[in-house]
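A.B. asks:
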Amino acid sequence: MPPIAACVLPAGSFMETAMFWRTRRRARGQTMTEFALVVPVLLLLIMGVLDGALLMFSVGTARYATAEGSRIASTLGNAATTDTQVVQVIRDNVGTTRLFDVTEIDIYKLNQDGNGNLTPDPTYYNRYALDGTAMTSPVPWPPAQRNVGNGTSDFVGITVNFTYTWKAGFFAPLGPIRTTAVSYVRLEPQSY
Numbered sequence: 000m001p002p003i004a005a006c007v008l009p010a011g012s013f014m015e016t017a018m019f020w021r022t023r024r025r026a027r028g029q030t031m032t033e034f035a036l037v038v039p040v041l042l043l044l045i046m047g048v049l050d051g052a053l054l055m056f057s058v059g060t061a062r063y064a065t066a067e068g069s070r071i072a073s074t075l076g077n078a079a080t081t082d083t084q085v086v087q088v089i090r091d092n093v094g095t096t097r098l099f100d101v102t103e104i105d106i107y108k109l110n111q112d113g114n115g116n117l118t119p120d121p122t123y124y125n126r127y128a129l130d131g132t133a134m135t136s137p138v139p140w141p142p143a144q145r146n147v148g149n150g151t152s153d154f155v156g157i158t159v160n161f162t163y164t165w166k167a168g169f170f171a172p173l174g175p176i177r178t179t180a181v182s183y184v185r186l187e188p189q190s191y
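Numbering (numbering that gives the first Met the number 0), first residue to last: 0 to 191.
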């Protein structure tokens, strides 16, 4: 067999350059297509993490405010200004954030059954707006009627009802989330 003559192009020839640019142009189009497919998913994840973090912060803030309110209620017992101070403490803790709206603050008596389970008493249920305005008049369970005797003191429950609205547009069709933060505590004995 006779030897085959090979055609060797010098480096940097026109043919080599044309093939390089054609391959590069295809790769650039592929990169743009992949980027266009990934960006919406990436933005959805980022907005989901942001909204989830703000929701968790709102829940934590409401729980902290409710716990502080129940601590004040326990300490003050049957003082005439107990409910006013409880609402004030809750307002001080949640009023500085605009992430969620408090719709109602409930202060109510809890009944304990023989097994130690606590259930709200529907007849002793005080409802307040965040500004301290009573939603029922007269208040069904005034602070002066609360039992603060040693070993027989009442249990009090505090519930903060609030609404969180989504901050990112992705979750807005789901509508706002209405949830509560609850805290139960026994009133501190004022007499021994």
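The beta carbon of each residue, even a glycine, is placed where N, CA and C say it ideally should be.
Between the Cα of R90 and those of F56, L186, F161 and V37, spot the shortest distance and give me the residue it belongs to.
C.D. replies: F161
A.B. asks: Quick one: complete beta strand (DSSP E) runs, 3+ long, within the stretch 34-115?
C.D. replies: 99-111
A.B. asks: Check for me: the beta strand (DSSP E) holding S136 runs from which residue to which?
C.D. replies: S136 -> no beta strand (DSSP E), and no H or E assigned at all.
A.B. asks: Between the Cα of V159 and those of T81, T122, P137 and V88, spot the shortest distance and give me the residue it belongs to.
C.D. replies: Distances from the alpha-carbon of V159 to those of T81, T122, P137 and V88 put V88 closest.
A.B. asks: Comparing alpha-carbon positions, which option in A128, A171 and G115 lies nearest D100?
C.D. replies: Considering only alpha carbons, the answer is A128.
A.B. asks: Can you name, in chain order, every residue of its own chain whose Cβ lies under 6 Å from the Cβ of L98, other than the five neighbours on each side?
C.D. replies: L53 and S57
A.B. asks: Label D130 either buried or exposed according to how many other C-beta atoms from any shown protein chain fall within 10 Å of its C-beta, with 16 as the threshold for buried.
C.D. replies: exposed
A.B. asks: Rounded to whole angstroms, what's the CA-CA distance from I45 to N92? Just pull it up for me.
C.D. replies: 28 Å
A.B. asks: Over what stretch of residues does the beta strand (DSSP E) that includes Y163 continue unbroken?
C.D. replies: F154 to Y163
A.B. asks: For Y123 versus D105, is the C-beta distance shorter than 8 Å?
C.D. replies: no
A.B. asks: Do I157 and T65 have their CB atoms nearer than 8 Å?
C.D. replies: yes
A.B. asks: Have a look at T74 and P175 and give me their C-alpha separation to the nearest angstrom.
C.D. replies: 35 Å
A.B. asks: Since D130 is in the beta strand (DSSP E), which residue starts that stretch and which ends it?
C.D. replies: Segment: none, D130 is in no beta strand (DSSP E) and carries neither H nor E.
A.B. asks: Could you give the DSSP three-state label for T151: helix, strand or coil?
C.D. replies: In this structure, T151 counts as coil in the three-state DSSP scheme.
A.B. asks: If the criterion is Cβ atoms closer than 8 Å, does the pair A61 and A180 meet it?
C.D. replies: yes
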